[in-house]
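Just so you know, the protein sequences line up as chains A and B, in that order.
Per this note's numbering, the very first residue in the first sequence carries number 10; after that it's consecutive.
Per this note's numbering, the very first residue in the second sequence carries number 10; after that it's consecutive.
There are 2 protein chains.
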Amino acid sequence: MPQRKGRAALTRTELDSWRVFIETTEDLRTALAGRLQTDSGISPGDYRVLLELSEAPGRRLRSSHLADAICWERSRLSHHLGRMEKRGLITREAAAGDNRGAEAVLTEEGRDALRRSSVPHFHAIRELFVDALTPEQLAAARDVAETLRDHLAGLKERGE
Amino acid sequence: MPQRKGRAALTRTELDSWRVFIETTEDLRTALAGRLQTDSGISPGDYRVLLELSEAPGRRLRSSHLADAICWERSRLSHHLGRMEKRGLITREAAAGDNRGAEAVLTEEGRDALRRSSVPHFHAIRELFVDALTPEQLAAARDVAETLRDHLAGLKERGE
DNA sequence: CCATACTTGTTGACACGTCAATCATAGGAG
DNA sequence: CTCCTATGATTGACGTGTCAACAAGTATGG
Chain A
10 MPQRKGRAAL TRTELDSWRV FIETTEDLRT ALAGRLQTDS GISPGDYRVL
60 LELSEAPGRR LRSSHLADAI CWERSRLSHH LGRMEKRGLI TREAAAGDNR
110 GAEAVLTEEG RDALRRSSVP HFHAIRELFV DALTPEQLAA ARDVAETLRD
160 HLAGLKERGE
Chain B
10 MPQRKGRAAL TRTELDSWRV FIETTEDLRT ALAGRLQTDS GISPGDYRVL
60 LELSEAPGRR LRSSHLADAI CWERSRLSHH LGRMEKRGLI TREAAAGDNR
110 GAEAVLTEEG RDALRRSSVP HFHAIRELFV DALTPEQLAA ARDVAETLRD
160 HLAGLKERGE
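Here you go:
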């Protein structure tokens, strides 16, 4: 009779699966970031922000909307926008209608950076991830990720 | 006739798979780190170092051996050991026989921290990862991770 | 209208990682 | 023995992420 879930100690196999999974996904993340940096001189965070801004009407977004869209804490976004502003990728303007607000605005330089990075980025995703896996493995990876995502969301919704 | 691998643009499905995979694994990583921090006041890096030292003869290791064992750059390890030393988890001693060398030595406090953290850590792995997946999904996750790991290692071995 | 609470955004402190530079020692080649 | 190079480890600079504290504007109940 099987023990109740969450009670028994981890088996060797479970622990090994965890280890290879967590370590490899970390490596993948690092490898992708390295490609982006080398190819286009931007970070994954930069890319995410640039992409979101580029798709927004007027290429500008309220900070809080942007933060929601990419699921970042506001303080993280604030720090990141500060760095991006220093490099000329975006500017910040006061929001119309709410004097608390700030809008991030994509600059020409920011658009250029995004354009420059897109193709190499997709190429890297293919080379590091998609091409490594069979179609079945890719589907399995997605299934696992979606299951984990929903599981984590469920935990967060309840007591964290 | 299918195009050669690595040539065609990413399909919608491939891109979606990538996104959910990379974002969810990042969330998983963050969630695990949060548990470890809350439960035991240590980081995943601390845990890794403490575990490796605790299993070493004399509970001490040359810096470079430790770095190899956990696959960290030496400078990363040096920074991390500095922080751990400041908190009393380890000490550093000159290595016998090679005056360049440094040994990291686990303190009593470090052993305690590891002991305190082990059970909650395994519990978190189960709760956040293992219990979220069916046995089939767990096996698939491992298979995907191993395939990716080998793929990344192959790329690194060639031209990076 | 005003006290209060909520929202928006920034800041400072600190942990973490990478990179390039540095420095001391070890270990040959001559 | 003396260079010269390789190795072991540290450091400083900087980008990144979290947390807690804060400032300032907005909204709401009285």
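Here a beta-carbon is modelled for each residue, glycine too, at the ideal position from N, C-alpha and C.
Residue ranges of uninterrupted beta strand (DSSP E) with 3 or more members, entirely inside the stretch 50-105 of chain A and ordered along the chain, are 69-71, 99-103.
By the beta-carbon neighbour count (other beta carbons within 10 angstroms, threshold 16), Gly119 of chain A is buried. With three or more CB-CB distances shorter than 8 Å, the stretch 146-163 of chain A counts as touching the stretch 146-165 of chain B.
The DSSP-derived three-state label of Ala111 of chain B is strand.
Between the stretch 26-38 of chain A and the stretch 88-95 of chain A there are fewer than three C-beta pairs closer than 8 Å, too few to call the two in contact.
Excluding sequence positions up to five before and after Ala104 of chain A, its CB lies within less than 7 Å of the CB of Arg71, Gly110, Ala111, Glu112, all in the same chain and listed in chain order. A direct Cα-Cα distance of roughly 34 Å separates Asp140 of chain B from His74 of chain B.
The beta carbon of Ala149 of chain A sits closer than 8 Å to some beta carbon of chain B.
Between the alpha carbons of Arg125 of chain B and Leu161 of chain A lies a distance of about 24 Å.
Per DSSP, the continuous alpha helix (DSSP H) segment holding Arg120 of chain B begins and ends at 117-137. Within a 10 Å sphere around the beta-carbon of Arg44 of chain A sit 16 or more other beta-carbons, which makes this residue buried.
Proximity of chain B to Arg38 of chain A at the Cβ level (cut-off 9 Å) is accounted for by Ile31, Thr34, Glu35, Arg38, in chain order. Straight across, the Cα-Cα distance linking Leu59 of chain B with Leu115 of chain B is about 7 Å.
At a cut-off of 8 Å, the C-beta of Ile134 of chain B has a neighbouring C-beta in chain A. Boundaries of the alpha helix (DSSP H) around Ala150 of chain B: 144-166. For Gly50 of chain B, the closest C-alpha among the options B:Leu62, B:Pro129, B:Glu102 is that of B:Pro129. The alpha-carbon separation between Ala40 of chain B and Arg68 of chain B amounts to approximately 29 Å. Cβ contact annotation for Leu86 of chain B (same chain, cutoff 7 Å, sequence separation greater than five): Ser72, Leu75, Ala76, in chain order.
Glu166 of chain B and Glu136 of chain A have their C-alpha atoms roughly 15 Å apart.
One alpha carbon belongs to Asp107 of chain B, the other to Glu23 of chain B, and they sit about 52 Å apart. In the three-state scheme derived from DSSP, where H, G and I count as helix and E and B as strand, Leu24 of chain A is classed as helix.
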